[in-house]
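Protein sequence lines correspond, in order, to chains A and B.
Read in order, the letters of the first sequence are residues 1 to 255 in this note's numbering.
Read in order, the letters of the second sequence are residues 1001 to 1290 in this note's numbering.
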Amino acid sequence: MAETLALQRALAALVLDPEGAAFEEDPVGFARGQGLPEAHAEAFGRFPGGLAAYRELARLSLVDPIETMFPVTKALLEREGAWEGCIDAFLQTRCVGSRHYRDIAPAFLGWLAETEWGMATWPFLLELAHAELLEVLVARFPDGILPEGLQETPHPGDRLVLDPATQVVAYRHAVHRTSETDPVPEARPTHLLAYRDAEGRAQLMDLTPAAAALLVEAQGRSIREAAQALGLADLPLPLLEELRIRGAIAGFMPA
Amino acid sequence: MAQGRFAGQERFTGVGLGLRRPHLEAVAARADHGVPFWETCPENVIGDGGRPHRDACAILDRDPVLTHGLAISLGGFDPWDEDYLGDLGRFLVRTGTPWHSEHLCFTAVDGSWLHELLPMPFTREAARHAAARARDLQARLPVPLLLENITYYAELGAAEMDEADFIAEVLEGADVGWLLDVNNVYVNALNFGFDPKAWLSRMPLDRVAQLHIAGHKRFGTLTVDTHGADVIDPVIELMQWTLARLGRPVPVLLERDNHIPDLEDLLAERSRLQAAYDEVLAVPVGGGRG
Ligand SMILES: [Fe+2]
């Protein structure tokens, strides 16, 4: 068991760690550096090309979903010559802790949030990456069980129940207006509603700050009380009904 | 031993296809696709949601399905995730699959997933470890376990045996079935310079319950199991040779994971392989399988 595990750890280090980049210059030295017994270390020298291929293949597997899910983040950091460094730093921390391939991109976002990598230079970076993943997460959010007794038409005394996939998000930058050719967002408070439409596609909607606050507040108390607490003069019942028809709101729960 | 070991296996014969995300909507919408069975990866379905997920579930509930795991890390050392094994068991029962396959490799180290099929050392210690893990996993699954031979691009550490002996030792030690990937044998034969038929002749073919077939690609001196191209004639010929040798209509699964063509093109590729399959092992519809 001990040697098998040591060999597996050495291959993981070859794939993920910075030292792995220099593997081909001295394969046996690399293996010795991993603490492998001499016979195993020498074997690394017999298959340098094949072992190096694992570094390339496994890194491709991990990076591919990130490049697909974060094209604007990638465009920004490539323009700044920082994309490869970002990916290297991410892989080195070994924070892909899920067997599900679909969790690789969220792991990258989680790593950005935890380490604040690059945030000193690009304070909007985390928001940008979050906005890129938002629609994907909404589109494939697991179907949940809705409470019974939901009504289709809102009344002032009702609480609202969002569809389980719906997210109300607030950013300090207009990150949803960026593109690969124009990846730097304007600094402007932004409120978005991300929801799944009847076809199952994710949709984004700009919200006013008041509407965003109401969508959050009126889940815990009645629409009337939420509106009062927020100082809203009118109850936006037509908007809420429209959001129910679009699929963002699951329904309205009478008191 | 493969005969009679797998309840419900008679529903699976001919050439099936891997169920892939770009085709879910089209396949869900038509039951007349002519594909005798699909293969699905539990990791891609369990815990997912949304429209493609609903399509996938509709297909799994309608059509015959085999299950094929990607990331259990059979040869690794990380403890099983009991919650996931519970979900997996329920999923296998729901699909009605007669068996569940995993790769004979490791995919995670110290809690970190590499999402790549990494080779086991060809040592007695590693063979014992993999066999023990397979037995342990088998005891936790509601259906028989198959292990699949992978492609490998290097021996990991100093080998004490060759790949064939390693695989045979694990299969025998774990007493599990074999998902024989003939493309992987072909690719390994190219990379390591051996004769695939001589290699197969040494193997415990009585354990084979299913075959895989796929395309591959050459990069410099290395041939890589890309699953991204049409199957070449020598691999089809190796499939036919293997089927003839087995003398049983084991199901063959065409894997296509990259450069995924339109469904129509993939169905045509499947038909081409089905014709090659029938050439060797024509199975009369509704009979002959006892
Ligand atoms: Fe395979």
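All C-beta atoms in this analysis are idealised placements derived from N, C-alpha and C, irrespective of residue type, glycine included.
In the DSSP output, which residue or residues are listed as bridge partners for residue i?
{"i": "A:Lys-74", "result": "DSSP, once it has assigned bridges, lists no residue as partnering A:Lys-74."}
{"i": "A:Gly-251", "result": "A:Val-161"}
{"i": "B:Glu-1102", "result": "B:Leu-1147"}
{"i": "B:Phe-1219", "result": "B:Leu-1222"}
{"i": "B:Ala-1108", "result": "B:Trp-1113"}
{"i": "B:Ala-1026", "result": "The partner list for B:Ala-1026 (beta bridge, DSSP) is empty, contrary to what the question assumes."}
{"i": "A:Trp-83", "result": "Answer is none; A:Trp-83 lacks a bridge partner."}
{"i": "B:Gly-1177", "result": "B:Leu-1146"}
{"i": "B:Val-1065", "result": "B:Trp-1038"}
{"i": "B:Ala-1168", "result": "In DSSP, B:Ala-1168 forms no bridge with anything."}
{"i": "B:Gln-1210", "result": "B:Leu-1179"}
{"i": "B:Gly-1016", "result": "B:Leu-1253"}
{"i": "A:Gln-151", "result": "A:Phe-252"}
{"i": "B:Leu-1118", "result": "B:Phe-1106"}
Within the same chain, show all residues whose beta-carbon is closer than 6 Å to that of residue i, passing over the 5 residues directly before and after it, in chain order.
{"i": "A:Glu-186", "result": "Ala-174"}
{"i": "B:Arg-1054", "result": "none"}
{"i": "B:Phe-1012", "result": "Phe-1037, Pro-1251"}
{"i": "B:Thr-1123", "result": "Glu-1160"}
{"i": "B:His-1103", "result": "Leu-1117, Glu-1148, Ile-1150"}
{"i": "A:Thr-190", "result": "Tyr-171, Ala-174"}
{"i": "B:Glu-1025", "result": "Asp-1055"}
Distance cutoff 7 Å, beta carbons only. Does residue i sit that close to anything in chain B?
{"i": "A:Thr-68", "result": "no"}
{"i": "A:Ala-53", "result": "yes"}
{"i": "A:Phe-30", "result": "no"}
{"i": "A:Gln-8", "result": "yes"}
{"i": "A:Pro-142", "result": "yes"}
{"i": "A:Glu-80", "result": "no"}
{"i": "A:Ala-39", "result": "yes"}
{"i": "A:Glu-56", "result": "no"}
{"i": "A:Phe-23", "result": "no"}
{"i": "A:Ser-61", "result": "yes"}
{"i": "A:Val-168", "result": "no"}
{"i": "A:Asp-17", "result": "no"}
Are there 16 or more other CB atoms within 10 angstroms of the CB of residue i, so buried, or fewer, so exposed?
{"i": "B:Met-1120", "result": "buried"}
{"i": "B:Asp-1061", "result": "exposed"}
{"i": "B:His-1259", "result": "exposed"}
{"i": "A:Gln-228", "result": "exposed"}
{"i": "B:Val-1093", "result": "exposed"}
{"i": "A:Leu-60", "result": "exposed"}
{"i": "A:Leu-7", "result": "buried"}
{"i": "A:Arg-55", "result": "buried"}
{"i": "A:Ser-265", "result": "For residue 265 of chain A there is no data in the structure shown, the boundaries of chain A being 1 and 255."}
{"i": "B:Asp-1110", "result": "exposed"}
{"i": "B:Ser-1201", "result": "exposed"}
{"i": "A:Arg-99", "result": "buried"}
I'd like to know whether the C-beta of residue i is nearer than 7 Å to at least one C-beta of chain A.
{"i": "B:Glu-1155", "result": "yes"}
{"i": "B:Leu-1113", "result": "Here residue 1113 of chain B turns out to be Trp, not Leu, going by the sequence shown. So, interface residue."}
{"i": "B:Phe-1077", "result": "yes"}
{"i": "B:His-1100", "result": "no"}
{"i": "B:Met-1050", "result": "First, the residue type needs correcting, since residue 1050 of chain B is Gly and not Met in the sequence shown. Yes, its Cβ sits closer than 7 Å to a Cβ of chain A."}
{"i": "B:Glu-1125", "result": "yes"}
{"i": "B:Pro-1121", "result": "yes"}
{"i": "B:Ala-1168", "result": "no"}
{"i": "B:His-1103", "result": "no"}
{"i": "B:Leu-1118", "result": "yes"}
{"i": "B:Leu-1222", "result": "yes"}
{"i": "B:Ala-1007", "result": "no"}
{"i": "B:His-1129", "result": "yes"}
{"i": "B:Phe-1106", "result": "yes"}
{"i": "B:Val-1109", "result": "yes"}
{"i": "B:Ala-1071", "result": "yes"}
{"i": "B:Ala-1158", "result": "yes"}
{"i": "B:Glu-1043", "result": "yes"}
Among residues of its own chain, excluding the 5 on either side of residue i, which ones have a beta-carbon nearer than 7 Å to its beta-carbon?
{"i": "B:Leu-1246", "result": "Leu-1205, Val-1208"}
{"i": "B:Arg-1270", "result": "Val-1015, Leu-1017, Val-1035, Leu-1254"}
{"i": "B:Ala-1031", "result": "Arg-1062"}
{"i": "A:Ile-104", "result": "Leu-62, Pro-65, Ile-66, Val-96"}
{"i": "B:Glu-1172", "result": "Pro-1204"}
{"i": "A:Leu-109", "result": "Ala-129, His-130, Leu-133"}
Compare the C-beta of residue i with all C-beta atoms of chain E and state if any pair is closer than 7 Å.
{"i": "B:Gly-1173", "result": "No chain E appears in this structure, whose protein chains are A and B."}
In chain order, what residues of the same chain have a beta carbon less than 8 Å from the beta carbon of residue i, not counting five sequence neighbours either side?
{"i": "A:Leu-235", "result": "Pro-156, Ile-223, Arg-224, Ala-227"}
{"i": "B:Leu-1273", "result": "Val-1015, Ile-1213, Val-1231, Ile-1236, Met-1239, Val-1252, Leu-1254"}
{"i": "B:Ala-1069", "result": "According to the sequence displayed, residue 1069 of chain B carries Gly and not Ala. So the qualifying residues of the chain are Cys-1041, Pro-1042, Glu-1043, Leu-1088, His-1100, Ser-1101, Glu-1102, His-1103."}
{"i": "A:Pro-254", "result": "Gly-149, Gln-151, His-155, Gly-157, Asp-158"}
Every unbroken beta strand (DSSP E) within the region 166-251 of chain A, with a cutoff of 3 residues, ordered by chain: 167-173, 187-196, 202-207
Runs of alpha helix (DSSP H) wholly within the region 19-50 of chain A (minimum 4 residues, chain order): 27-33, 38-44
Unbroken stretches of the alpha helix (DSSP H), 4 residues or longer, contained in the region 1075-1101 of chain B: 1082-1095
Residue ranges of each beta strand (DSSP E) within the region 1246-1290 of chain B, 3 or longer: 1252-1255
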